[in-house]
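Below: the structure, in structure tokens.
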Amino acid sequence: MAAKRKSRRTFGRIWKLPSGRFQARYPGPDGVLRAADQTFATTTDADRWLARKRIEMEEGRWLDPAEGKTTVRDWSARWLTAVSPQLKHKTQASYRSLINSLIVPALGDRELSSLRPITIVEWVGAMRTRGLSASRVRQAYRVLSQIMRAAVSNEMIGQTPCRGVKLPRMPQTEPHILTPLEASRIVRSATKPHDLLISLLAYAGLRVGEAFALRRADIDVSGGLVLVNENLAEANGTLVFDTPKSHQKRVLRIGPSLAARIGRHLGTLPNGEDALLFVTPGGKPLRYNQWRKAYFDPAVAAAGLTDVTPHDLRASHGTWVADQYGVMTAAHRLGHSNASVTTRHYARPVAVRDEQVAEAADSWLGGHDHERVE
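Its first residue numbered 1, the sequence shown is counted upward by one per residue in UniProt numbering.
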């Protein structure tokens, strides 16, 4: 009987090392021979590994091992350069700060393929141990998660290590919702023209940066309209004019009395359609911290109120509008593309409404209509 011929291997090759273990090598889709990242106890184990690599290539799942050896430092830099043109200047600065201060120092020398979910859990835990706020930790994690998802999309790693990681909870802080009269007291207590700026926060729902960026060309006094198409933000100490948050430009209608007051203020500005409505005594664009300390906080104190931020006025406006005219109207005035953002972050129940609902429900129970009391 003829001896059975040993079949020749059709994919890759295996050889025995001086240690007695076996090494495998295979040709990638580009024809380049690549050695396995491990050795094997038997030729059978090596054969199985080669078979899996062949299937990965046939199914389009093969990843070049060299790509996974890219360090987090190098890939983070490349990723940030690629996405920066689509980001706002402030967001770019924030991402760069998080990468340079929290991601690269801890993970920069690690190869992408070496990261595991436990690595990320340990990194998050270390930040918490250092006393970083929940907000800062979550911001750093979100940026790293984007970086790792991009590595997956570019076939550098098979899956992101940023999965199943429990993040610290954000403290639940409720905005201080003012009544319209309380907001009016702050406006009346503010020095001119900052009373107008505060009015735009409270009665038009502008973000502070949007109010800081308003120019003569953005105001239609006769029509009572304000065009919100720019935002002034501070990034690493530098003031930057950019589009509003989420790029939501909008036209808002304001009341006749406020429009008239802004119209009179326009007469005090320098010539030119680009003249800013609100500037420092030296004619420079406003900076948030300086403006709040010099003009807003003193107005709040003079109004007999405490614990009020400029953002609270915007949240109050959203609540008033949502309560009287619906969430969709509030979302438009606040510049939200999704009304759920308005509901989640801005519109809050008005204190007396629950009592009014209870009174109405009682009348409904008796079979009567209930007249709403404003």
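By construction, the Cβ of each residue, glycine as well, lies at the ideal position given by its N, Cα and C atoms.
The shortest C-alpha to C-alpha distance from S257 to any of A315, Y203, R216, P285 is the one to Y203.
The DSSP-derived three-state label of T81 is helix. Going by C-alpha positions, D64 is about 38 Å away from S133. In this structure A46 does not touch F11 by the C-beta definition: roughly 12 Å separates them, more than the 8 Å allowed. Per DSSP, N231 lies in no alpha helix (DSSP H) segment; the continuous beta strand (DSSP E) that holds it begins and ends at 231-235.
Here the C-alpha atom of W79 lies approximately 9 Å from the C-alpha atom of A151. The continuous beta strand (DSSP E) containing I14 extends over residues 13-16. With contacts defined as CB atoms closer than 8 Å, I198 and L313 qualify as a contacting pair.
Per DSSP, V308 lies in no beta strand (DSSP E) and is assigned neither H nor E.
Here T306 is exposed. Its C-beta has fewer than 16 other C-beta atoms within 10 Å.
With respect to R261, V228 sits apart: the two C-beta atoms are not nearer than 8 Å. Here K16 is exposed: its Cβ has fewer than 16 other Cβ atoms, across all protein chains shown, within 10 Å.
Taking C-beta separations shorter than 8 Å and ignoring five residues to either side along the sequence, the partners of T71 in its chain run G108, D109, R110, E111, L112, following chain order. Collapsing the DSSP output to three states places V104 in a helix. For D220, the pairing in a beta bridge is given by DSSP as L225. Under the 8 Å Cβ criterion, the segment 314-325 counts as touching the segment 177-195, having at least three qualifying pairs. Residue range 208-212 is occupied by the alpha helix (DSSP H) that includes F212. Taking 8 Å as the cut-off, the Cβ atoms of A217 and A299 do not count as close.
In this structure, D195 places its C-beta atom within 8 Å of the C-beta atom of V187. R215 and E273 do touch by the CB rule: their CB atoms are close to 7 Å apart, below 8 Å.
When the Cα atoms are used, P105 and L200 turn out to be separated by approximately 43 Å. Taking C-beta separations shorter than 7 Å and ignoring five residues to either side along the sequence, the partners of W320 in its chain run P180, following chain order. The continuous alpha helix (DSSP H) containing P298 extends over residues 297-302. Contact annotation: the segment 263-270 does not touch the segment 156-167, with fewer than three C-beta pairs closer than 8 Å. Here L144 carries a helix assignment [DSSP, helix/strand/coil].
Annotation for A303: R185, I186, S189 place their beta carbon closer than 6 Å to its own, counting only its chain and skipping 5 residues before and after. In this structure, R128 lies away from P193, with their beta-carbon atoms at least 8 Å apart. Under the three-state reduction of DSSP output, L132 falls in the coil class, being neither helix nor strand.
With fewer than 16 other CB atoms across the displayed protein chains lying within 10 angstroms of its CB, G31 is exposed.
Setting aside the 5 residues that flank it on each side, Q38 has no residue in the same chain whose C-beta is closer than 6 Å to its C-beta. In this structure, the CA atom of L239 is about 8 Å from the CA atom of R287. Judged by their CB atoms, I99 and C162 are not nearer to each other than the 8 Å cut-off. With a threshold of 16 other beta carbon atoms within 10 Å, I118 falls short and is exposed. In this structure, A233 lies away from H336, with their beta-carbon atoms at least 8 Å apart. For the pair L102 and Q172, the Cα-to-Cα distance works out to about 25 Å. Ranked by how close their Cα comes to the Cα of A51, the residues K69, R73, Y26, D74 have Y26 in first place.
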